[in-house]
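Input: a single structure, listed below in structure tokens.
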Amino acid sequence: MEGWTQIVGTSLKDFVEGRHAGEMILTRVFDAPRELMWKLWTEPEHIRKWWGPKGFTLPGCEMDFRTGGAYRFVMRGPDGEDNPFHGVYREIVRNERIVFTAILDKLPGHELVTTVTFADEGGKTKLTVRQTTPPGEAGRGQNQGWSETLERLADLLAEETKRGRRK
Numbered sequence: 029m030e031g032w033t034q035i036v037g038t039s040l041k042d043f044v045e046g047r048h049a050g051e052m053i054l055t056r057v058f059d060a061p062r063e064l065m066w067k068l069w070t071e072p073e074h075i076r077k078w079w080g081p082k083g084f085t086l087p088g089c090e091m092d093f094r095t096g097g098a099y100r101f102v103m104r105g106p107d108g109e110d111n112p113f114h115g116v117y118r119e120i121v122r123n124e125r126i127v128f129t130a131i132l133d134k135l136p137g138h139e140l141v142t143t144v145t146f147a148d149e150g151g152k153t154k155l156t157v158r159q160t161t162p163p164g165e166a167g168r169g170q171n172q173g174w175s176e177t178l179e180r181l182a183d184l185l186a187e188e189t190k191r192g193r194r195k
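Our numbering applies: residue 29 is where the sequence shown begins, and numbers increase by one.
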């Protein structure tokens with residue numbers, strides 16, 4: 029009976045939240061104004077500093093940041109393996125929302141859709157990341173990967189604040 033309770037409870041929670049199977053949602057409040065958070069998400073020189081899970085770097089970061097524009101990122105793992113992916117910016121609403129696709133080079137034909145929203149919360153920013161889930165093994169680490177990525181973003185903000193360079 030416990031298994032059914034977990035399944036029904038999860039399904040009901042997902043239904044109430046408007047989430048469907050195969051979707052990940054993460055929300056976090058950052059101690060930074062929305063305009064700053066927007067810059068950190070939209071300018072390659074900033075993205076290179078925080079994108080990817082703990083231990084990853086972003087040696088490849090090409091962006092044509094406009095609706096219909098393409099991007100290509102290459103994340104390098106701690107083991108030195110490159111993980112390239114690319115996509116298109118479907119929707120951009122300044123300081124509010126970015127919708128983009130992602131196709132992992134290692135999973136061709138499986139397009140993910142990510143929506144990032146930026147909401148003002150009294151000088152802080154409530155950031156929500158919604159993303160479709162990739163199939164199989166690739167989807168298993170998605171939540172952890174995004175959680176670590178957002179943690180790196182928070183660490184960058186804290187570091188910039190200490191240095192007095194947060195703009």
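Backbone N, C-alpha and C define an ideal beta-carbon position, used for all residues, glycine too.
For residue i: DSSP bridge partner residues
| i | result |
| --- | --- |
| Ile75 | Ile75 is not bridged to any residue. |
| Leu54 | Val157 |
| Gly115 | Tyr99 |
| Gly192 | Paired residue(s): none; Gly192 is not in a bridge. |
| Gly88 | Val102 |
Local Cβ density within 10 Å of residue i, reported as buried at 16 or more and exposed below that
| i | result |
| --- | --- |
| Gly83 | exposed |
| Gly150 | exposed |
| Gly169 | exposed |
| Ser39 | In this prediction, Ser39 has a pLDDT of 37, which is less than 50 and means its spatial position is unreliable; what the coordinates show is noted afterwards. Label assigned to Ser39: exposed. |
| Arg62 | buried |
| Ala186 | exposed |
| Gln159 | buried |
| Gly80 | buried |
| Gly105 | exposed |
| Gly97 | exposed |
Closest residue to residue i among the options (Cα-Cα distance)
| i | options | result |
| --- | --- | --- |
| Phe101 | Glu124, Phe146, Asp107 and Glu73 | Glu73 |
| Gly108 | Leu86, Glu124, Glu187 and Val116 | Leu86 |
| Phe146 | Glu51, Met52 and Val57 | Val57 |
| Glu124 | Lys77, Thr153 and Leu184 | Thr153 |
| Glu179 | Asp59, Glu51 and Ile131 | Asp59 |
| Thr129 | Gly173, Val157 and Pro106 | Val157 |
| Pro112 | Cys89, Gly173, Trp69 and Thr142 | Cys89 |
| Met52 | Thr189, Trp78, Asn171 and Tyr99 | Asn171 |
| Tyr99 | Trp78, Asp110 and Glu71 | Glu71 |
Residue-chain proximity (residue i, chain C), Cβ-Cβ < 8 angstroms
| i | result |
| --- | --- |
| Leu185 | Looking for chain C here will not work: only one protein chain is present. |
**OP:** Could you pull out every unbroken beta strand (DSSP E) segment of at least 3 residues lying fully inside the segment 124-170, listed in chain order?
**Re:** 125-132, 139-149 and 152-160
Subject >> Three CB pairs or more closer than 8 angstroms across the segment 91-104 and the segment 119-127 >> reply: yes
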